[in-house]
Structures are given as C-alpha cells and as structure tokens.
Amino acid sequence: MLICFTDLDGTLLNHDDYRYDAAIPVIRQLQAAGVPVIPTTSKTRAEVMGLRSALGLNAPFIVENGSGIFLEPNDQRFRFTYYGEVDGFKTMQLGVSYAEARAGLKAIAQLIGEPLSGFNDMTLAELQASTNLSFKDLQLACNREFSEPFLRPQTALDQLETIARRKRFKILVGNRFCHLLGAGASKGEAVNLIKQAWCEANPDRVGDVLTLGLGDSPNDISMLDAVDIPIVVPGVNGAHPELRGRAGYQIAPAMGCQGWAAAVTKVMQEVGVPVKLAV
C-alpha cells in the first residue's frame, strides 16, 4: 500500500505559474490504484480546499507546515484516536493559533530590534508582487489559522531561530517567505500521525504500507525524512542546496508538475502500483 505525501508550491504546482496540468493524469492513476494523495503544505486550509476540489482529492491534508491536519469525517481509511471538529472536518492541531503566531512575531521583532513584516502586515499589492498570486488566491492565503509567513529580515537566521525557540516557536525557511510556527508544528510529525492513523484503521496491513514524499525546499525536510521514498523536485537552478546530496533523497528529472509526474510514475513502476489509466 502506497501513501503519497506532497508539497504543493514548487512541487506539485509550478513555482511561477502554479499550474499542475502534467500531474493530473498521474493523480488519476494513483486514485485508480487506491493511493491516497495527501497535500502537505505551507498553504492554508482555505487554499487547499480549492485545490482539492480542482484535483479531485479526498484524502486527509496537512496545512501551514504541519500545524494542522484535516480529515473528511467519513474517510474510513484513517482512524484518529483523538481529534477535534472544525467545519465538518476531523482535525488535529499541532501548532498554535493564528493570534498566538501574530503575537509571537511582534514579540520577536521587539527582541531583535527590527520590524518583521508578516503576511497580514503587507498590502495585497505587495503580496502579489512577492507571490504572483491573484488577489482572489491571496485572500485565501491570508485566511490563516496557525502560522504567520514573514519577509526574511537582516538579522542572522540562527539568531532569529534561537529567539523563536525561547518563545516556544520555530522558524521554517521557504522559497518565498520565512514561517513562524508553534514549536509542536512539523510536517514530519503530521506525516507520522497520518501513517499511524492508517495503521490503526488497517491493522492487518501494517507491514504493507510504503510512504512517498515530494518537496522542493528546506521546510519539506522533516516530511522527506519521515517517508520511505523522499524525492526532491528541483527549481530553475536545480535541487535546493540544503536538500541536494542528503542521504536517500532522490531528485526528480524536471521542475514543477512535470518533474512530479515523472518521479511519481517511476516510483509506481518500481513498487508495483497497478496502473489502470494511461499517462
């Protein structure tokens, strides 16, 4: 049994235009074979909901860099032993609330003596220039529940991370923004919880589960370390330097959704996932 965990921006979605056309036939193959495709992303729940609908996904999803997990209430493939309920979803919160993240960012800014520009401190025009997202998509991105992206400051990153840890936060560096999260948030921990939930629901198949993960930036490392088959999707300058050369990591043959599709197809062939639809 294969479970596919995937980052979105720069991985399943192209970095510049956010297209995913090349991935759709492979997603259909995975679905035909009963393979859950689980978005594992820095995006918000509001953003992921639209993409899930467009891509036809119905598996659990991990948002805001492992701060929260959401599961359809009638999905019998996964069994969580404890969970909350939000807007009809079963949910697990690993991070902090958005209000706590915003307060934490302000506190850290005071300690370093330098302003930190959070996502919701910026105008939509400024955000659009940084992200290439439409105003509609930016509104979804601003609908945050657990974390705050911010522009990287002049302060050395290691100093910033040390101060964040003292305040019981963590900082992840993405391709466009740094992200302030609660100390308990982690893509890797969220992946492990979903694997555990699958094993709880399928006790007779625990030995059969195999996990695949795809990402493109340092904020994907905990996810990639948590799966059996970690794959790095390269950018325009190749694989990210912090991901290049890590033990066991494979590199997809192309950028964005084309690289994603090629890498996943190769894994399917290697592990014997049945293919019912043509690529």
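In our numbering, the protein residues as written are 3 to 281.
All C-beta atoms in this analysis are idealised placements derived from N, C-alpha and C, irrespective of residue type, glycine included.
As the structure is a prediction and not an experimental result, all values here were calculated from the model.
Using CA atoms only, rank isn't needed, just tell me which of V65, D230 and Q78 is closest to F148. Here the closest residue by C-alpha is V65.
Rounding to the nearest angstrom, what Cα-Cα distance links F72 and L53 in this structure? Spanning the two alpha carbons is a distance of roughly 14 angstroms.
Residues that E150 bridges to, as DSSP identifies them: DSSP output for E150 lists L182 as bridge partner(s).
Examine the Cβ distances between the region 264-278 and the region 204-220 and report whether three or more of them are shorter than 8 angstroms. They touch, by the three-pair rule.
How long is the line joining the alpha carbons of I5 and Q112, rounded to whole angstroms? Straight through space, the alpha carbons of Q112 and I5 are spaced by roughly 43 angstroms.
Once you ignore the five residues that flank T93 on each side, which residues in its own chain have a CB closer than 8 angstroms to its CB? Result list for T93: G70, I71, F72, L73, Y85, G86 and E87, in chain order.
Endpoints, alpha helix (DSSP H) assigned at T133: Start and end: L126 to T133.
Three-way DSSP call (helix, strand, coil) for V269 in this model: V269 falls in the helix class under three-state DSSP.
Measuring only the C-alpha atoms, how far is V281 from P236? Here V281 scores only 42 on pLDDT, less than 50, and its place in the model should not be relied on; the value that follows carries that caveat. Taking the straight line joining both Cα atoms gives about 22 angstroms.
Quick one: Cα of F171 to Cα of A103, how far? Roughly 8 angstroms between the two C-alpha positions.
Please state the DSSP three-state secondary structure of T43. Three-state DSSP puts T43 in coil, outside helix and strand.
What does a CB cutoff of less than 6 angstroms around L15 pick up in its chain, not counting 5 residues either side in sequence? Setting aside the 5 residues that flank it on each side, L15 is surrounded in the same chain by Y22, each with a C-beta closer than 6 angstroms to its C-beta; the list follows chain order.
Find out if the Cβ-Cβ distance for the pair A228, G190 is shorter than 8 angstroms. The answer is yes: Cβ separation under 8 angstroms.
Any idea which residues DSSP pairs M94 with across the strands? In the DSSP output, where bridge partners are listed per residue, M94 has I71.
Could I get the ranges of all uninterrupted beta strand (DSSP E) runs contained in the region 212-242, with 3 residues as the minimum, in chain order? Fully enclosed beta strand (DSSP E) runs of 3 or longer: 212-217 and 231-234.
Which of the three DSSP states, helix, strand or coil, is assigned to T8? DSSP places T8 in strand when its eight states are reduced to three.
Just checking my contact of V208 with C201 at CB under 8 angstroms: how many whole Å lie between their CB atoms? With a Cβ gap of about 5 angstroms, V208 and C201 count as contacting.
Please classify L126: is it buried, with 16 or more other beta-carbons within 10 angstroms of its beta-carbon, or exposed? Burial is judged here by how many other beta carbons sit within 10 angstroms of a residue's own beta carbon; L126 has fewer than 16 and is exposed.
Look up K172 in the DSSP assignment and give the residues it is bridged to. DSSP output for K172 lists L183 as bridge partner(s).
Sequence-distant residues of its chain with Cβ nearer than 6 angstroms to A48 (five each side left out): In its chain, beyond the 5 residues on either side, L142 and N145 have a beta carbon closer than 6 angstroms to the beta carbon of A48.
Contact set for K197: own chain, Cβ-Cβ below 6 angstroms, skip 5 residues either direction: Same-chain partners within the cutoff: there are none.
Of the residues S44, S224, G36 and G258, the one placed nearest F121, counting alpha carbons only: Among S44, S224, G36 and G258, the Cα nearest to that of F121 is on S44.
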